[in-house]
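Step one of this worksheet: look at the structure below.
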Amino acid sequence: MAIYKLIQNTPLGPDEVRRLVAAYEETLRALGLKKRDDPITRIVAKKVFEIAQTGIEDPAEISKLAIERLGIH
1020 MAIYKLIQNT PLGPDEVRRL VAAYEETLRA LGLKKRDDPI TRIVAKKVFE IAQTGIEDPA
1080 EISKLAIERL GIH
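The sequence shown begins at 1020 in our numbering and counts up by one.
So, in structure tokens, the structure goes:
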């Protein structure tokens, strides 16, 4: 899964990892992405991670912002 590859060498704790994974999964569902090997999933993972770095902790909010910032409606 792209999100795990992205965060594997970061000092995130279990709670942060759970939030990121939840936001990532929610975003993929909202976008209708089912194939985890689709290259766009890496783009989604990067955007989710980037937004989480701003201090937002709510997975639903991270997902919503990721979709908006990716320019997908």
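Beta carbons are placed, not taken as given, at the ideal position from N, Cα and C, and that holds for glycine.
Since the structure is predicted, the reported quantities are computational estimates derived from the model, not experimental observations.
Spatial distance of residue i from residue j (CA atoms)
i               : j               : result
lysine 1083     : proline 1033    : 22 Å
glutamate 1045  : lysine 1053     : 11 Å
glycine 1051    : isoleucine 1091 : 12 Å
isoleucine 1086 : glutamate 1035  : 20 Å
glutamate 1069  : leucine 1031    : 14 Å
leucine 1047    : alanine 1079    : 12 Å
asparagine 1028 : proline 1058    : 21 Å
Backbone secondary structure at residue i - three-state DSSP
i               : result
lysine 1054     : coil
glutamate 1076  : coil
isoleucine 1062 : helix
leucine 1031    : coil
Residue of the options minimising C-alpha distance to residue i
i               : options                      : result
glycine 1074    : Arg1048, Tyr1043 and Arg1038 : Arg1038
lysine 1024     : Leu1052, Thr1060 and Thr1046 : Thr1060
isoleucine 1062 : Thr1029, Leu1089 and Ile1081 : Leu1089
Beta-carbon proximity of residue i to residue j, cut-off 8 Å
i            : j               : result
alanine 1049 : isoleucine 1022 : no
Rounded distance between the beta-carbons of residue j and residue i, thought under 8 Å
i            : j            : result
alanine 1071 : alanine 1042 : 7 Å
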